[in-house]
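Shown next, in structure tokens, is the structure this report addresses.
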Amino acid sequence: MTAAATLAGPNRGIVLILLAHIAFTTMDATNKTLSATYPVTQIIWAFYIGFAAAALTWAAFGGGVRGALRTRRPALQLARAALLPLNMAAVVLALSLMSMAEVIAVGISYPLMITVLSALVLKEDVGPRRWAAVVVGFLGVLLIVRPGLAVFNPASLIILGAAALFAVYQIMTKILGRTDRSITLTLYTALVGAVLTSFFAPLDWHAPDAAGWALLALTAVAGTVGHSLVIQALESTPASVLQPFNYVQLVWTTLVGFVVFGDLPDAMTVLGASIVVASGLYVWWRERVRAGAVR
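Quick note on numbering: the sequence shown equals residues 131 to 425 in the working numbering.
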């Protein structure tokens, strides 16, 4: 079997999503470094400038920007696009206060939140087994956060909020994906984020030195590459196939957090994250069973 054949179809999507999470981990590590010196708004502004440039280029070569901006639901597009900068701001703020592994360990609870919102908002049928898995998963989150104990870090509530925002963002993506093209969703996400961050970034601007500009450029490139790889992965492979591989980011993040910052999660965080991942995988598997994809 040739390498080209190996990377065709679902295999290509899996490789791309794994590479995407390497890019996102690079972005998180860079943002954590930047957050010691630069405001959150300035950091996410750098990402959105690069992302908007890439999205405009993609739209221009894919039929034109004007056509890509056509949508049947402009209000929902704008609302969805406005959620991602809020999510990113919360993540960067949490990264400045917590280790990378802790941030991702709590943040990976978002698929469980999507399951809840799918039942409440999209009226999807969620059976008792998946509801049980969601409850167990949130118990895992409690093990990581440990509210009421001396080790409780209030910053963990920030990343929980970020996960909730991302879950809502994904539900809106599902709704808009029924009528609009992926380039339309991407372009609105990039342009709205660029406009919002360009308004707020100058309000608290710290003039970067050469190293600062290099890191801001790195977060823009890493984030843009990550999002581009996710789009390519979804074009070749169903999201339901890719979902389990999103948890690999926890591995990348733990390794980078230890190598770059000397941080390692404690035993309770590892246990809680394991429960969250196991619950998320079970929910994914049950969804596949109910869809008839596996038996």
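For each residue, glycine too, the CB sits at the ideal point set by N, CA and C.
Since the structure is predicted, the reported quantities are computational estimates derived from the model, not experimental observations.
Between M218 and the set A294, P204 and A183, the nearest pair of CA atoms involves A294. Put simply, of A344, I179, R418 and G323 the residue whose alpha carbon is nearest the alpha carbon of L372 is R418.
By the neighbour-count criterion, in which a residue is buried when 16 or more other Cβ atoms sit within 10 angstroms of its Cβ, D158 is buried. As summarised for the stretch 210 to 283, the continuous alpha helix (DSSP H) elements at least 4 residues long and confined to that stretch are 230 to 237, 240 to 250 and 258 to 275, given in chain order. The Cβ atoms of V322 and G180 lie no closer than 8 Å to each other. Contact between the stretch 296 to 305 and the stretch 206 to 214 is established, with three or more Cβ pairs separated by less than 8 Å. Apart from sequence neighbours up to five positions away, the residues of its chain that approach I173 with a beta-carbon distance below 8 Å are N161, L164, S165, V222, L346 and T349, ordered along the chain. Its chain contains D158, N161, K162, S165 and V233 as the residues whose beta carbon lies nearer than 8 Å to that of L225, once the 5 sequence neighbours on both sides are disregarded; these appear in chain order. In the three-state DSSP reduction, T155 falls in the helix class (H, G or I). The alpha-carbon of S312 is positioned some 14 Å away from that of P368. Exclusion of the five residues before and after Y377 leaves I238, V407, G410 and L411 as the residues of its chain whose Cβ lies within less than 8 Å of its Cβ. When DSSP states are grouped into helix, strand and coil, D334 belongs to the helix group. Here Y318 is not near L186, since their CB atoms are 8 Å or more apart. Y178 carries a helical assignment under DSSP once its states are collapsed to helix, strand and coil. Shown here for A285: same chain residues with a beta carbon closer than 6 Å to its own, the five before and five after excluded, namely A224, L227 and M228 in chain order. C-alpha of R259 to C-alpha of R276: approximately 25 Å in a straight line.
Burial check for D339: the Cβ neighbour count within 10 Å stays below 16, so the residue is exposed.
Looking from the CA of V413, the closest CA among A249, S328, L333 and L290 belongs to A249. Rounded to whole angstroms, L306 and T314 show a C-alpha spacing of 10 Å.
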